[in-house]
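Position one of the sequence shown corresponds to residue 15 (the working numbering), numbered consecutively onward.
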Amino acid sequence: MKKTLFTLILVAFAGQLSAQTLFTVGEKAVSVDEFLYVYGKNKDIGNQIDPKTPEEYLGLYIAFKRKVAEAEALGRDTLAAFLTEYNTYYRQLLKPYLTDKTVDEGIVKEAYARMATDVRAAHIMLDLPENALPEDTAKVYKQILAIRDRLNRGESFETIARQQSSDSYSAVNGGDLGYFNVFNMVYPFENACYNAEVGQVVGPVRTQFGYHLIKVLDKRPARYRMTAAHILLLDTEDRPNPEAAKKIQDLYKSLQAGEDFNALARKHSQDQSSLQRGGQLPPFGLNQMLPEFEDAAFALAADGDFSEPFQTKLGWHIVKRVSREEVPAFERMQGELAGKIRRDERSNASLQA
15 MKKTLFTLIL VAFAGQLSAQ TLFTVGEKAV SVDEFLYVYG KNKDIGNQID
65 PKTPEEYLGL YIAFKRKVAE AEALGRDTLA AFLTEYNTYY RQLLKPYLTD
115 KTVDEGIVKE AYARMATDVR AAHIMLDLPE NALPEDTAKV YKQILAIRDR
165 LNRGESFETI ARQQSSDSYS AVNGGDLGYF NVFNMVYPFE NACYNAEVGQ
215 VVGPVRTQFG YHLIKVLDKR PARYRMTAAH ILLLDTEDRP NPEAAKKIQD
265 LYKSLQAGED FNALARKHSQ DQSSLQRGGQ LPPFGLNQML PEFEDAAFAL
315 AADGDFSEPF QTKLGWHIVK RVSREEVPAF ERMQGELAGK IRRDERSNAS
365 LQA
């Protein structure tokens with residue numbers, strides 16, 4: 015009903031409103047007539063594939079016009095740097111009329127290939143809303159270029175990140191975001207990281223959050239997923255346990271002497287959620303456990319191996335490797351990856367030629 019009413023209003027008054035302004039971007043006006051022409055030209059084809067209400071199509075068209083205005087505000091000398099971004103919006107506008115709902119196999123294979131590698135990166139981010147005004151975009155873009163110039167002159171990436179990055183979470187660590195894998199970051203950011211070499215600084219990269227300068231710190235074989243068991247003795251700031259450090263060493267000696275890990279976990283572990291299962295935890299992967307725990311677990315070379323005692327903010331642990339999974343074959347992952355891509359902005363990549 016809403017779609018029909020909106021369409022009827024536009025059509026009924028098109029004759030008398032065609033020269034009137036529907037919306038403005040900066041100082042440029044877009045008329046009702048222009049919008050009706052573009053919408054009417056494409057809607058019949060588009061409705062067969064991905065029906066869009068006039069309101070939805072109008073939102074895409076406004077976003078596209080804003081990006082064009084941003085390019086003009088930045089000047090011809092910087093226009094080339096923004097062509098990729100403008101093309102993304104343009105292809106998003108045209109996507110329903112050019113493609114069906116299938117996912118490009120090349121994009122699926124790209125995602126699968128990236129599953130094999132974890133990337134660690136740091137960034138300097140300057141906030142900029144996705145729908146920022148052209149003059150605001152120009153201002154922030156020039157600021158990020160000025161920071162890049164400072165980096166090119168040899169200033170410390172970590173120092174600038176602490177001082178100027180809008181991402182307060184990573185700024186305290188010199189911009190360090192830790193390790194991540196495919197789908198953990200927005201697609202433009204992920205692309206920049208996987209396509210760069212370790213030690214390289216790339217950018218500016220535009221995402222929905224703003225502009226980024228990115229430094230790739232490391233790449234390693236993906237950890238993917240494992241199952242582990244642990245013995246936990248609680249020792250936290252609010253509930254200190256002075257005996258925990260000594261007791262965990264005693265338990266470690268018992269394990270070295272051949273005592274059963276599961277039995278010791280059931281008797282001594284203070285993790286109520288796992289002790290009845292001999293300390294076994296649900297399967298986990300990258301960034302799903304405390305960093306110290308994850309590092310200790312994935313360092314174990316074989317099923318059945320157990321770690322030396324180590325401390326986290328929860329207390330003292332000994333972790334045992336139960337099993338470790340490698341990335342499954344492409345045929346097993348293809349459907350799952352295609353489903354994720356349909357919900358991800360990389361689904362537009364098949365339009366990029």
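Backbone N, C-alpha and C define an ideal beta-carbon position, used for all residues, glycine too.
At which residue ranges does the stretch 277–363 contain complete alpha helix (DSSP H) runs of 4 or more residues, listed in the order of the chain? 305–312, 344–356
Just to check my reading of the structure: leucine 140 and glycine 224 have Cβ atoms closer than 8 angstroms, yes? What is that Cβ distance to the nearest angstrom? The residue given as residue 140 occupies position 126 in the sequence shown. The residue given as residue 224 occupies position 210 in the sequence shown. The pair is a contact, with the Cβ atoms about 5 angstroms apart (cut-off 8 angstroms).
How should threonine 18 be labelled, buried or exposed, when 16 other C-beta atoms within 10 angstroms of its C-beta is the threshold for buried? Here residue 18 is taken as the residue at index 4 of the sequence shown, counted from 1. Residue placement at threonine 18 cannot be trusted, given a pLDDT of 37 that sits under 50; what the coordinates show is reported in the next sentence. With fewer than 16 other Cβ atoms within 10 Å, it is exposed.
Looking only at its chain, what residues have a beta carbon closer than 7 angstroms to the beta carbon of glycine 299, apart from the 5 residues adjacent to it on each side? Against the sequence shown, residue 299 aligns to sequence position 285. The answer, listed in chain order, is Arg237, Tyr238, Arg239.
Would you be able to state if there are at least three C-beta pairs under 8 angstroms between the stretch 255–263 and the stretch 312–321? no
Please classify threonine 173 as buried or exposed, where buried requires at least 16 other C-beta atoms within 10 Å of its C-beta. Working through the sequence shown from its first residue, we reach residue 173 at position 159. Threonine 173 should be labelled exposed.
When burial is assigned at 16 or more other CB atoms within 10 Å of the CB, is arginine 254 buried or exposed? Your numbering for residue 254 matches position 240 in the sequence shown. Before going on, a small fix: residue 254 reads as proline here, not arginine. Classification of proline 254: exposed, given that the 10 Å Cβ count is below 16.
What residues are listed by DSSP as bridge partners for methionine 199? Your numbering for residue 199 matches position 185 in the sequence shown. None; methionine 199 has no bridge partner.
By the three-class DSSP mapping on this structure, what secondary structure does glycine 160 have? For the purposes of this step, residue 160 is identified with residue 146 of the sequence shown, where counting begins at 1. A small fix is needed here, since residue 160 is alanine in this sequence, not glycine. In the structure shown, alanine 160 sits in a helix (DSSP, three-state: H, G or I).
Excluding five sequence neighbours on each side, which residues of the same chain lie with their C-beta closer than 6 angstroms to the C-beta of histidine 244? Start at 1 with the first residue of the sequence shown, and residue 244 comes out as number 230. Correct list, in chain order: Gly293, His331, Val333.
Whose C-beta lies closer than 7 angstroms to the C-beta of glycine 349 among residues of the same chain, with five residues either side of it excluded? By 1-based counting over the sequence shown, the position of residue 349 is 335. So no residue of the chain qualifies.
The stretch 154–161 touching the stretch 202–215, judged by at least three CB pairs closer than 8 angstroms: no
Leucine 246 bridges to which residues according to DSSP? For this step, residue 246 is matched to residue 232 along the sequence shown. Beta-bridge pairing links leucine 246 to His331.
Determine whether the beta carbon atoms of asparagine 145 and arginine 80 lie at a separation below 9 angstroms. To locate residue 145, count along the sequence shown from 1; it is residue 131. To locate residue 80, count along the sequence shown from 1; it is residue 66. Yes, Cβ-Cβ distance for asparagine 145 and arginine 80 is below 9 angstroms.
Looking only at C-alpha atoms, which of Pro235, Lys281, Gln214, Ile76 sits nearest to glutamate 339? Residue numbering aside, residue 339 sits at position 325 when the sequence shown is read from its first letter. It is Pro235 whose Cα lies nearest to the Cα of glutamate 339.
Neighbour-count burial assignment, alanine 316, 16 or more Cβ in a 10 Å radius: Counting from one through the sequence shown, the residue named residue 316 turns up at place 302. It is exposed - the Cβ of alanine 316 has fewer than 16 other Cβ atoms within 10 Å.
Alpha carbon to alpha carbon, how far is valine 44 from asparagine 209? For the purposes of this step, residue 44 is taken as residue 30 along the sequence shown, with counting starting at 1. For the purposes of this step, residue 209 is taken as residue 195 along the sequence shown, with counting starting at 1. Rounded to whole angstroms, valine 44 to asparagine 209 spans 39 angstroms at the Cα level.
Which ranges does the alpha helix (DSSP H) cover as unbroken runs of at least 4 residues, wholly within the stretch 175–224, from first to last along the chain? 182–185, 201–209
Integer-rounded CB distance, given that valine 219 should sit under 8 angstroms from histidine 226: Here the question's residue 226 lines up with position 212 in the sequence shown. Here the question's residue 219 lines up with position 205 in the sequence shown. Contact holds; Cβ gap of about 5 angstroms.
Leucine 74 - DSSP class collapsed to helix/strand/coil: For this step, residue 74 is matched to residue 60 along the sequence shown. Three-state result, leucine 74: helix.
Since aspartate 232 and phenylalanine 194 are thought to touch, with beta carbons under 8 angstroms apart, how far apart are those beta carbons, to the nearest angstrom? As a working mapping, residue 232 is identified with position 218 in the sequence shown. As a working mapping, residue 194 is identified with position 180 in the sequence shown. Wrong, their Cβ atoms sit about 11 angstroms apart, outside the cutoff.
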